[in-house]
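Below is one structure, written out as structure tokens, with a few remarks after it.
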Amino acid sequence: MGLIDIKIEGQPYKVEEGLTILEAARQCGYDIPSLCTFNHGECSLGSCRVCLVEATGARGLVASCVYPVAPGMEIKISSPKAVKARRTSVELLLSNHNQNCQQCRKNDNCELLNVAKLTGARENVFQGEKTPTTLDEVTPSIVRDTSKCVLCGRCIARCKAAHGLSVLGFENRGFSTIVGPAGNKSFADSPCLLCGQCVSVCPTGALMEKSEIWKIDQAMAEGKHVIVQTAPAVRASLGEEFGMPIGTPVTGKMAAALRRLGFAKVYDTNFGADLTIMEEASELLSRIKNNGTLPMLTSCSPGWVNYAEYYYGDCLDHLSTCKSPHEMEGAILKSYYAEWNHIDPKDIFVVSVMPCTAKKFEKERPALANEAGLPDVDAVITTRELGDLIKRSGINFAKLPDEDFDQDLVGTYTGAGVIFGVTGGVMEAALRSAYFALEGKEYGPINFTEVRGLQGLKEATLTMGGKEIKVAIASGMVNVKPIMDDIRAGKSPYTFIEVMCCPGGCIAGGGQSYVKPALLPNEDLNILDTYKEKRAAALYSEDERQAYRQSHNNPQIQHLYSGYLGVPNGHKAHKLLHTTYQSDRVRFK
Amino acid sequence: MAKLNGAALAQINAICDRYADTKTPLMMILSDIQREYGYIPIEVQEIVSERTGISVAEIYGVVTFYSFFSLTPKGKYVIGCCLGTACYVKDAQKVIDKFSDELKIAPGQTSDDGLFTLDALRCIGACGIAPAVTINGTVYPKVTVDQVPEIIASYRSQEA
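Those sequence lines, one after another, are chains A and B.
Taking the working numbering, I'd label the letters of the first sequence as residues 159 to 747.
Taking the working numbering, I'd label the letters of the second sequence as residues 2 to 161.
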């Protein structure tokens, strides 16, 4: 498309034809107050009327998020008429909004509060009836509070785009309209993956993770031995909670902060990831050798496991029986670590910091507990909750020194573990170890770059041990469905498939820091298109810096097997590190 | 899903079959179900979802948006009182209130004997004969409060 001449506030600009006024203005350096994500299509209903401007050639004021620029158009953002109209739009939204902003956990990331400030909305201008609301706190993962919903529909669009599901939808009509699962049911009674993608796009506090910070407080108050572990993807995002540029790796500061928060031990889930690779790679090789069920699918992502159980209950034997890395780590902490340190497992409280809301649900699965019913993991908090916890403690994150994780017993990790946080990472980590097992030597270049990249679906064919292995990597259930349909029909060409629920993998998980362009004036204009790459780069660079790059070379993993577990996939490993799935989950209750 | 009996399941599936080759079949399917099955409970929406690939949340949104669709069974005779602007200024509110009093049900409800459902409609485009009432497709023009008991009686007598 060609360039056209327009004027904004009397200044001439050349912009691309076809852009909306909002996008064009943004490129020219004007952020029109709006509730938009600037992300072509996600909430382009044009119904909130927050971004009204004057534009020549249009009748009345126009919603700049949907109105396209035209040659010669003169746009006025700060005319008295436009300023007043935007303020009124926000005041009307606020009139039907639960304004408990002081107590709302979203208040530092609330786009409605932001436009209220920007437009100068006044208090209680319009008072009257409010739409009856629903508060759903049933699942351990996501809280839905429709008293804070502005009906933008971003959550609906995201669920559909990422997973092809749209668990959420608009219900009823006019003033009674709310957004919820069919029948205004709880997420618990709907086929929701609990992945939190909807949470990550919600402009207000209508969708949030269910906080578990209180559980940590309680465990500490009870004098428990509280151990924390952090998932690989968290380090690539946590800095954003403290205003750092997206993609700033903060591994050292995170370890330092966790130590100052009073955790008895600060470990990295990467150890669990290395352990997962040992188990998963050996499970795969054994399936290949013994004509077991193939293709084998990874099982690290709890949102994906939910999807598999809800929609492909007849294909669950394709799922690796491996527990996810933080669950393995938890199981080892409450057995091996407990025995080694003479601590009663009942006194150990394991906290996982995860980029994920589905992990909160996962940890409560009955199958992820020991024989005595003691859960492997006791609390899961998101990257955002960790940010809150650090802020609450008064720690100045930016000024912390870089420290290491605790290194004893289950502390060291390899670069293979680090890259679990990005789509293709589990596959690459598994290939590094599978290559060694089949070829008897390390893969020369170390990196399997053919499985990297943020596309929703990738495939590669590799030759190992004289055999061709065809693999696929998929993220976002919209990309997984065709693969599963092939598996169900018995015509899948693959041997091994990595599946991650969230598009791009855990770096873009539903528990990661919010990426809201309107609140990130210092990031690039196209940050929504580039933030995943930036976070992925943080992980790949940490991988490069590690002394060990393959899970099987982790000395503490080797020690764990030689001194405690025996062999991968052996009897003891199976008891502690493998799990079962539910084939009979009902989609609608 | 188990709550539907075999005959109902077959009926819903047959309706879905009619529109198997239609590009955007949802409204047609829902209209037919409403007309032939009488209402569209969530169990039925689940079947339509399975058949069309449209999520239940989306279908539920459509069903709750249009007042023509109902989540609960409707009576044998569905009385629709238009409350659009023209009918309203011609005292339609009094007419619907009279139906409500006579049948002892509020708008949106169905009588205990399952005979009558009373619906408040937005403009049905019959402004020239306001206030208008429709009963199972039959239009009653310029209805007065006094006519209401007779109209009800005429349907009751068909049942006797």
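Where a beta carbon is used, it is the ideal one built from N, C-alpha and C, also for glycine.
For A/Pro513, the closest of A/His484, A/Ile179 and A/Glu167 by C-alpha to C-alpha distance is A/His484.
For A/Pro339, the nearest CB of chain B lies under 9 Å from its own CB, placing it at the interface with that chain.
Just so you know, the alpha carbons of A/Pro191 and A/Pro453 end up roughly 50 Å apart.
In the three-state DSSP reduction, B/Thr118 falls in the strand class (E or B). By the C-beta density criterion, A/Val308 is buried, having at least 16 other C-beta atoms within 10 angstroms. Taking C-beta atoms as the reference points, A/Glu487 and A/Leu433 count as a pair closer than 9 Å. In the structure shown, the three-state DSSP call for B/Ile48 is helix. Within chain A, the residues placing a beta-carbon under 7 Å from that of B/Ala58 are Ser324, Val325, Leu326, Gly327, Pro339 and Ala340, ordered along the chain. With respect to chain A, the C-beta atom of B/Phe66 has a partner C-beta closer than 9 Å. Secondary structure at A/Thr619: strand, using DSSP grouped into helix, strand and coil.
In terms of Cβ geometry, A/Ser299 and A/Glu367 form a close pair [threshold 9 Å]. Within the region 292-351 of chain A, the complete alpha helix (DSSP H) runs of at least 4 residues fall at 312-321. Per DSSP, reduced to three states, the secondary structure at A/Leu455 is strand. With respect to A/Leu365, A/Arg302 sits close: the two C-beta atoms are nearer than 9 Å. With its beta carbon at least 9 Å from every one in chain B, A/Ile300 lies outside the interface.
Note: A/Val629 is bridge-paired with A/Ala618 and A/Phe654 in the DSSP secondary-structure output. At a cut-off of 9 Å between beta-carbon atoms, B/Gln46 makes contact with chain A. When the Cα atoms are used, A/Cys480 and A/Ala556 turn out to be separated by approximately 37 Å. Looking at A/Asp294, A/Ala243, A/Arg244 and A/Gly363, the one whose alpha-carbon comes closest to that of A/Cys262 is A/Gly363. Residue state for A/Met231 is assigned as coil, using DSSP reduced to three classes. Closest by C-alpha distance to A/Asn265, out of A/Gly405, A/Arg542, A/Val211 and A/Arg244, is A/Arg542. When only Cα atoms are considered, B/Ile60 and A/Leu596 end up about 51 Å apart. Under the 9 Å criterion on CB atoms, B/Ile106 is classed as non-interfacial with respect to chain A. Residue environment analysis places B/Leu122 among the buried positions, since at least 16 neighbouring C-beta atoms fall within 10 angstroms of its C-beta. Taken in chain order, the members of the region 720-747 of chain A whose beta-carbon sits within less than 7 Å of a beta-carbon on chain B are Phe746. Ranked by Cα distance from A/Val511, the options A/Tyr494, A/Gly218, A/Met642 and A/Met412 are led by A/Met412. Contact of A/Arg316 with chain B by beta-carbon distance below 9 Å is absent, the smallest such distance being about 13 Å.
Here B/Ile80 is bridged, per DSSP, to B/Leu119 and B/Ile136. At least one beta carbon of chain A lies nearer than 9 Å to the beta carbon of B/Gly62.
Taking 9 Å as the CB threshold, A/Ser348 lines the interface with chain B. If you ignore the 5 residues before and after A/Asp742, its C-beta comes within less than 7 Å of the C-beta of Gly471, all in its own chain and listed in chain order. For A/Lys674, the closest alpha carbon among the candidates A/Gly168, A/Leu193, A/Tyr188 and A/Ala183 is that of A/Leu193. The C-beta of A/Ser440 has 16 or more other C-beta atoms within 10 Å across all chains shown, which makes the residue buried. With at least 16 other beta carbons inside 10 angstroms of its own, A/Phe606 counts as buried.
Of all alpha-carbon atoms in B/Ile136, B/Val140, B/Leu119 and B/Asp120, the one lying nearest the alpha-carbon of B/Gly129 is that of B/Val140. Neighbours of B/Ile43 in chain A, taken as residues whose beta carbon is under 8 Å from its own, are Ala340, Gly341 and Phe746 in chain order.
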